[in-house]
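Single-structure report; data block below.
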Ligand SMILES: [Zn+2]
Ligand SMILES: [Zn+2]
């Protein structure tokens, strides 16, 4: 096995992705309760005692809810940048150990090479990640209002891409959220719409991209069937015949993706 990626949960009620290489197992974000993440990890065939750390994208609660609980219970280092650490919601820290990374600087953790890159989102120093092991590369890019050139360039190197497809613009505009929240979600520091996600996927697609996982779908302003249909159409139009497309959801543990 090279790399295994499994989305344990994705959406505004909690996010968590499990990544395993030959030697290193980590979680990216811990947005559900500690008990629920443990339950889902067990269900997927994992064991929290075999984890070596938790990598954090940004401080919003749907990404950090049980960060401290899991870190303390399983003696896990939390890998985080300084501004995110300083902006955590109350009662998330302390951690058993903390490893501070710098946005834009690649670091090695076990046999994983992790590159955190800046994304535009309404948090202190939010990041996406490129995670490499040997010749395999995974991109994690959720919670962003728009794709910068830098982001497009990074994502062009991935074999697996977990990409936000947050909302259907019509459902958002006509939906129940207050106007201020609608404005925040659709802003350049909010979340990618389904259309934005298709456009970004078209920009970054290359023949070595094997899996595209659509993530962080809004339960109120989107539906997996809408995303599936849009990407099935994009896949056909762009002749992405070798690309497998999955849609991850809030309540169901995703399929393992093995590179
Ligand atoms: Zn989020
Ligand atoms: Zn967020």
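Residue numbers (my numbering): 1226 to 1484. All C-beta atoms in this analysis are idealised placements derived from N, C-alpha and C, irrespective of residue type, glycine included.
1. Evaluate contact between the segment 1443–1458 and the segment 1383–1393, counting only Cβ atoms and requiring at least three cross-stretch pairs below 8 angstroms.
2. Considering residue 1324, what are the terminal residues of the beta strand (DSSP E) in which it resides?
3. What residues in its chain sit with their C-beta under 7 angstroms from that of residue 1248, if we drop five residues either side in the sequence?
4. What three-state label does DSSP hand residue 1418 in the structure shown?
5. Jot down the residue ranges of each uninterrupted beta strand (DSSP E) in the segment 1252–1310, minimum 3 residues, whole runs only, in chain order.
6. Alpha carbon to alpha carbon, what distance is there between residue 1235 and residue 1418?
7. Near ligand 2, which residues have their beta-carbon closer than 6 angstroms to a heavy atom?
8. Output the distance between the C-alpha atoms of residue 1280 and residue 1252, rounded to the nearest integer angstrom.
9. Rounded to whole angstroms, how far is the Cβ of residue 1287 from the Cβ of residue 1237, which I believe are closer than 8 angstroms?
10. Which of helix, strand or coil does DSSP assign to residue 1402?
11. Closest by CA to residue 1420, which one among 1458, 1298, 1340 and 1383?
12. Would you say the beta carbon of residue 1486 comes nearer than 8 angstroms to a heavy atom of ligand 1?
13. Ignoring anything shorter than 4 residues or poking outside the segment 1413–1470, list the alpha helix (DSSP H) runs there in chain order.
14. Please state if the CB of residue 1467 and the CB of residue 1432 are separated by a distance shorter than 9 angstroms.
15. Buried or exposed, going by whether 16 or more other CB atoms sit within 10 Å of the CB of residue 1260?
16. With 16 as the cutoff for other CB atoms within 10 Å, does residue 1401 come out buried or exposed?
17. Report all residues from its chain with a CB closer than 7 angstroms to the CB of residue 1422; omit the five preceding and five following residues, and keep chain order.
18. Could you check where the alpha helix (DSSP H) with residue 1376 kicks off and where it finishes?
19. Count the other CB atoms, across all protein chains shown, that sit within 10 Å of the CB of residue 1375; report buried if there are 16 or more and exposed otherwise.
20. Leaving out five residues before and five after residue 1435 in sequence, what residues of the same chain have Cβ atoms less than 6 angstroms from its Cβ?
21. Less than 6 angstroms between C-beta atoms, sequence neighbours within five positions excluded: which residues of the same chain meet that for residue 1297?
22. Going by Cα to Cα distance, which pick from 1347, 1270, 1316 and 1367 is closest to residue 1341?
23. Got a sec? Which residues, its chain only, sit under 6 angstroms from residue 1472 by beta carbon, not counting five neighbours each side?
Looking at the atomic coordinates:
1. yes
2. On the chain shown, residue 1324 is found 99 positions in, with the first residue counted as 1. Segment 1322–1325, the beta strand (DSSP E) holding residue 1324.
3. Counting from one through the chain shown, the residue named residue 1248 turns up at place 23. Only 1335 and 1336 meet the Cβ criterion.
4. Taking the first residue of the chain shown as position 1, residue 1418 is located at position 193. In the structure shown, residue 1418 sits in a strand (DSSP, three-state: E or B).
5. 1278–1280 and 1302–1305
6. Here the question's residue 1418 lines up with position 193 in the chain shown. Here the question's residue 1235 lines up with position 10 in the chain shown. Spanning the two alpha carbons is a distance of roughly 15 angstroms.
7. 1283, 1285, 1346, 1348 and 1368
8. Translated into the one-based positions of the chain shown, residue 1280 becomes position 55. Translated into the one-based positions of the chain shown, residue 1252 becomes position 27. Between residue 1280 and residue 1252, the C-alpha separation is close to 6 angstroms.
9. Numbered from 1 along the chain shown, position 62 holds the residue referred to as residue 1287. Numbered from 1 along the chain shown, position 12 holds the residue referred to as residue 1237. With a Cβ gap of about 5 angstroms, residue 1287 and residue 1237 count as contacting.
10. Numbered from its first residue, the chain shown carries residue 1402 at position 177. Of the three classes helix, strand and coil, the one that applies to residue 1402 here is coil, per DSSP.
11. Translated into the one-based positions of the chain shown, residue 1420 becomes position 195. Cα-wise, what sits closest to residue 1420 is 1458.
12. Residue numbering for the chain in the displayed model covers 1226 to 1484; residue 1486 lies beyond these limits and cannot be assessed.
13. When DSSP assignments are scanned along the segment 1413–1470, the uninterrupted stretches of alpha helix (DSSP H) that are 4 or more residues long and fall wholly within it turn out to be 1419–1429 and 1449–1462.
14. For this step, residue 1432 is matched to residue 207 along the chain shown. For this step, residue 1467 is matched to residue 242 along the chain shown. Taking the C-beta atoms as reference points, residue 1467 is found nearer than 9 angstroms to residue 1432.
15. Here the question's residue 1260 lines up with position 35 in the chain shown. Exposed, since its Cβ has fewer than 16 Cβ neighbours within 10 Å.
16. On the chain shown, position 176 is the one that residue 1401 refers to. With fewer than 16 other Cβ atoms within 10 Å, it is exposed.
17. Position 197 of the chain shown, counted from the start, is the residue given in the question as residue 1422. Excluding sequence neighbours, residue 1422 sits near 1388, 1389, 1390 and 1439.
18. Translated into positions along the chain shown, residue 1376 becomes position 151. Run containing residue 1376: 1374–1380, per the alpha helix (DSSP H) assignment.
19. Along the chain shown, read from residue 1 onward, the residue named residue 1375 stands at position 150. It counts as exposed.
20. Residue numbering aside, residue 1435 sits at position 210 when the chain shown is read from its first letter. Short of 6 angstroms from the beta carbon of residue 1435, and not among the five residues preceding or following it, lie these beta carbons of its own chain, in chain order: 1384.
21. If you number the chain shown from 1, residue 1297 lands on position 72. So the list reads 1321, once near-sequence residues are dropped.
22. Here residue 1341 refers to the residue found at position 116 of the chain shown. Answer by Cα proximity: 1367.
23. Numbered from 1 along the chain shown, position 247 holds the residue referred to as residue 1472. Result list for residue 1472: 1439, 1449, 1452 and 1453, in chain order.
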